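Residue numbers (our numbering): 1376 to 1617.
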């Protein structure tokens, strides 16, 4: 998964820019609202707990968190009906994309994502077009404690299925049902958990050897992630260049 790790480096750097644009608050609120549909008590809803922890790490105000929870549970009377949708498609270089959306208008979201693919060298796909190239996994990002080899052993001991080093720490993959438990074990071992989520991890990679093509792939990735109703974007690009 070397390409996937490199993509995570890109995502991390882009995340800093997103924060400067203020988009991160909107994304977190949508994720909290979505998770709260399964119950508004974080202690009883691991998905909500995860979304709140991620939001707090990015300094989302408590008022925003509370409002998002109430919207998700339906406590706010002005709440519109929201739904989670997953779209699929191919980008430049036959790179497969999975796009998770939380929207109150499926047709609008469909058209927005479809247009981005069409205008940026991609093809919008039907359900099942690329999903077989991905597995649903839990993803945890932690900072290194200093000794990389020791850290990896401790992470594996915590129940990780896969560990990928980054410039500042590790990206850890777990079974979806084990995400919360592995996170708790990592915290108990002294790791600083920076981010965690359920995501799609590629099981087949699309090699990108040409920087020019890689830039087109990343341009589409950024446009998709910048779409207001998009909550997560995954792809299977394996960048072979530095």
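Ideal Cβ placement from N, Cα and C applies to all residues, glycine included. The structure displayed is predicted, hence computed values, not measured ones.
{"Check": "Quick check on residue 1582: does DSSP put it in helix, strand or coil?", "Outcome": "strand"}
{"Check": "Less than 8 Å between the CB atoms is what I'm expecting for residue 1561 and residue 1513, so what's the real figure, rounded?", "Outcome": "The Cβ separation is near 12 Å, so there is no contact."}
{"Check": "Applying the criterion that 16 or more other CB atoms from any shown protein chain within 10 Å of the CB defines a buried residue, is residue 1486 buried or exposed?", "Outcome": "exposed"}
{"Check": "Leaving out the 5 sequence neighbours to the left and right, which residues in its chain are closer than 7 Å to residue 1420 when beta-carbon positions are compared?", "Outcome": "1410, 1413 and 1414"}
{"Check": "Measure the Cβ-Cβ separation of residue 1566 and residue 1517 and say whether it is below 9 Å.", "Outcome": "yes"}
{"Check": "Looking at C-alpha atoms only, which residue of 1546, 1408, 1609 and 1544 is the closest neighbour of residue 1475?", "Outcome": "1609"}
{"Check": "Between the Cα of residue 1399 and those of 1422, 1418, 1417 and 1440, spot the shortest distance and give me the residue it belongs to.", "Outcome": "1440"}
{"Check": "Which residue's Cα is closest to the Cα of residue 1612: 1586, 1445 and 1416?", "Outcome": "1586"}
{"Check": "Give the DSSP-derived three-state secondary structure of residue 1451 in the structure shown.", "Outcome": "coil"}
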